[in-house]
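Numbering (the numbering used here), first residue to last: 21 to 529.
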Amino acid sequence: MPSYLCAMSKKVRVRFAPSPTGGLHLGGVRTVLFNYLFAKQMGGDFIVRIEDTDQGRFVAGAEEYIFNTLQWCGLEPDESPVHGGPYAPYRQSERKESYRQYAEQLVKDGYAYYAFDTPEELEAKRKDIPNFQYNQSSRSTMNNSLTRSADEVSEKIKSLPHVIRIKVPENETVVFTDMIRGEVSFNTSQVDDKVLLKADGMPTYHLAVVVDDYLMKISHAFRGEEWLPSAPVHILLWKYLGWENEMPLWAHLPLILKPDGNGKLSKRDGDRLGFPVFAMDWTDPKTNETTTGFKERGFLPEAFVNLLAMLGWNDGTDREIFTLAELVEKFSMERVHKGGAKFDYEKAKWFNHEWIKKSGVRSLETGVKTEFEKKGIIVADDHLLAKVIELVRDRCTLLTDFVEQGAFFFQSPVTIDTDAVKPKWDEKKNLFFTELIRAYELSSIWETHDLEKEFKELAAANQLKPGELMLPFRIMLVGGKFGPGVFEIASVIGKHETVKRIQHALGLL
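Written out as structure tokens, the structure reads:
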């Protein structure tokens, strides 16, 4: 039986704990998603806790961005700073006073110590000793409570800025079971004495995540594999604080890799290769630089969630298209991969295209209308918009494609590709379209079938093949060589607009 099922005697409480330092990238949203899927599948709670103890890296607007992203993706937390809950507050900066007692208790029990080294002293050590670490071999030479008398320590605590560091034991093996990777072990000789409490009284991630997971009764936690090296420190803290039996089960998710090589996908890769890596647009308040997100690029949230789920997981079949509810039903830890998954933007667009085809017209209307409005095209007729979506959706990979594929339904084309018509244009074709104008003006029925029938009968009367006339007709109505059936276009834009566009194009030819 999987270890996570053995731990089901208590209610599942799964947390996502982002730092508000910027936009939420693909890896971050996938971590949210897997946390959410597991929590909901197990009938548990999905908790979001903001880890903002590093005030030097805090970025204004980042927390709001995180919750906007979760809302867009449909991954609403059960508890958070926004949603509230029984274990508030859910921002670590608001829990500041609760951490010191645990750090002090660790010192008292001999599992941590005060360190008085100044930033300048530490920097000098790093210059003198390559790859310097504050650990079992170096701590005895440093300025800390392990190398000073009790009286000196008491005085320094009162008069000097100081931190509290964990006292990592020498040459011990720390073992834990990862839900994805199985048994993982570390030798403590490779682990440095991490700072637990900073000079400003704020905890570091290492102390805060353990204390808060305990106090909030977190049962399971998913995070990226880059956090694996921190695991031994956290395990030791759970043990030293006497909470070892309450430690949540962990899963360290595989990395999302860059598409053209090994290594973790980064914003620079997106900039270099021309695709987004953030869920939504993110504007850096310091540089005012905006990084485009998947939402603004024209992705549906359903497609975005679907493609992320498939980066490191599958249900054991060839199936790739899942709703969020289906993902909750099908998700299993056994099917999460250990190795990294390469990101493929073309595949991501394929997911979006499939979801555009799959989605109901009504569900697409708001997003499509927004894209038209961005280009200054006001859509006042929702009935017309629904018709247009139905006609062009199969040609659209992104929501932004609806503008290119459908703008001509709402306004006359700005440019007409006459160069595509002129080489085979002659007086006979000119006469045909002049007669077509008169025939269409006299039409009492304006339906696709009747327009096509009249067009072909007139072509036969003029001894012309309909195939020779279709391209000029399309370009007159659309402006280029694209769009759905030309008679469908004419029926939708109406008699007056069809005649007007033919007349305008004849004037250019």
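Quick reminder that beta carbons are idealized off the backbone N, C-alpha and C, glycines included. Here the structure is a predicted model, which means the values were calculated and not measured.
Could you please give the first and the last residue of the uninterrupted beta strand (DSSP E) stretch that includes residue i?
{"i": "L269", "result": "269–273"}
{"i": "I376", "result": "Not the beta strand (DSSP E): I376 falls in the alpha helix (DSSP H), residues 365–378."}
{"i": "T241", "result": "At residue 241 the sequence reads Ala, which differs from the Thr that was named. Counting along the chain, the beta strand (DSSP E) containing A241 begins and ends at 240–244."}
{"i": "F36", "result": "33–36"}
{"i": "D65", "result": "65–68"}
{"i": "V195", "result": "193–198"}
{"i": "R185", "result": "183–186"}
Just to confirm before moving on: does the CB-CB distance between residue i and residue j stay below 7 Å?
{"i": "F314", "j": "A299", "result": "yes"}
{"i": "L411", "j": "E391", "result": "no"}
{"i": "L344", "j": "G63", "result": "no"}
{"i": "W375", "j": "E322", "result": "yes"}
{"i": "P492", "j": "K476", "result": "no"}
{"i": "S205", "j": "N191", "result": "no"}
{"i": "Y260", "j": "L53", "result": "no"}
{"i": "I238", "j": "R35", "result": "yes"}
{"i": "Y558", "j": "D213", "result": "This structure cannot settle anything about residue 558, because the visible part of the chain is limited to 21 through 529."}
{"i": "G202", "j": "P274", "result": "no"}
{"i": "R356", "j": "G332", "result": "For the sequence presented, residue 356 should be read as Val rather than Arg. It is a contact, given that the beta carbons lie within the stated cut-off."}
{"i": "K350", "j": "D335", "result": "yes"}
{"i": "V399", "j": "K389", "result": "yes"}
{"i": "Y133", "j": "R185", "result": "yes"}
Thinking C-alpha only, which one of the options is nearest residue i?
{"i": "N151", "options": "R115, V211, Y122, A251", "result": "V211"}
{"i": "D220", "options": "E447, L491, Q75", "result": "Q75"}
{"i": "L293", "options": "K389, D364, E346, P252", "result": "D364"}
{"i": "P223", "options": "L57, G360, E71", "result": "E71"}
{"i": "Y56", "options": "G43, K476, A37", "result": "A37"}
{"i": "Y85", "options": "G262, P305, K237", "result": "P305"}
{"i": "V519", "options": "L471, K485, L491, A479", "result": "L471"}
{"i": "E393", "options": "G499, E488, E424", "result": "E424"}
{"i": "A135", "options": "V215, L46, C416, D232", "result": "V215"}
{"i": "V297", "options": "G48, V32, V34, K31", "result": "G48"}
{"i": "A368", "options": "D437, P279, L405, G380", "result": "P279"}
{"i": "S432", "options": "G499, K395, V408, L489", "result": "G499"}
{"i": "L484", "options": "L285, D291, W302, E447", "result": "E447"}
{"i": "N372", "options": "L320, K407, D421, G332", "result": "L320"}
{"i": "I436", "options": "L526, K350, V506, E366", "result": "L526"}
{"i": "K395", "options": "K407, G426, G380, E346", "result": "G426"}
{"i": "Y225", "options": "N207, R201, H254, F87", "result": "H254"}
{"i": "S158", "options": "V68, A170, V188, S179", "result": "V188"}
{"i": "E309", "options": "L404, G42, G514", "result": "G42"}
{"i": "E117", "options": "L277, V325, V231, V381", "result": "V231"}
{"i": "V32", "options": "R185, H240, S169, R168", "result": "H240"}
{"i": "F58", "options": "E508, L180, A510, E346", "result": "E346"}
{"i": "I457", "options": "E488, F428, G514, D421", "result": "G514"}
{"i": "D137", "options": "R146, P252, A108, P268", "result": "R146"}
Exposed or buried, residue i, counting other C-beta atoms within 10 Å across all chains shown (16 or more means buried)?
{"i": "E455", "result": "exposed"}
{"i": "P443", "result": "exposed"}
{"i": "D402", "result": "exposed"}
{"i": "V434", "result": "exposed"}
{"i": "L462", "result": "exposed"}
{"i": "F450", "result": "Position check: residue 450 holds Asn in this sequence, whereas Phe was assumed. It counts as exposed."}
{"i": "I522", "result": "buried"}
{"i": "A228", "result": "buried"}
{"i": "E467", "result": "exposed"}
{"i": "L235", "result": "exposed"}
{"i": "P40", "result": "buried"}
{"i": "G290", "result": "buried"}
{"i": "I177", "result": "exposed"}
{"i": "G503", "result": "buried"}
{"i": "W445", "result": "exposed"}
{"i": "H45", "result": "buried"}
{"i": "V512", "result": "buried"}
{"i": "P249", "result": "exposed"}
{"i": "L285", "result": "buried"}
{"i": "A481", "result": "exposed"}
{"i": "C26", "result": "With a pLDDT of 49 at C26, under the threshold of 50, the predicted position of this residue should be treated as unreliable, though the coordinate-derived value follows. C26 comes out exposed."}
{"i": "N1", "result": "Because the chain here runs from 21 to 529, residue 1 falls outside it and cannot be looked at."}
{"i": "P268", "result": "buried"}
{"i": "D129", "result": "exposed"}
Any heavy atom of the ligand NAP closer than 6 Å to the Cβ of residue i?
{"i": "Y56", "result": "Absent from the structure shown: the ligand NAP. Ligands present: none."}
Taking the continuous alpha helix (DSSP H) assigned at residue i, which residues delimit it?
{"i": "L293", "result": "287–293"}
{"i": "D232", "result": "225–235"}
{"i": "N207", "result": "That residue, N207, is in no alpha helix (DSSP H); its beta strand (DSSP E) goes 202–207."}
{"i": "V215", "result": "V215 -> not in any alpha helix (DSSP H); beta strand (DSSP E) instead, spanning 215–217."}
{"i": "A251", "result": "251–260"}
{"i": "F392", "result": "381–394"}
{"i": "A440", "result": "Element bounds for A440: n/a, residue is neither H nor E."}
{"i": "D171", "result": "170–179"}
- Run through the stretch 91–149 for me and flag every whole beta strand (DSSP E) of 3 or more residues, listed as ranges in chain order. The qualifying runs are 132–135.
- Which ranges does the alpha helix (DSSP H) cover as unbroken runs of at least 4 residues, wholly within the stretch 462–522, from first to last along the chain? Annotation note: the stretch 462–522 contains the following uninterrupted alpha helix (DSSP H) runs of length 4 or greater, listed N- to C-terminal: 468–481, 486–498, 506–513.
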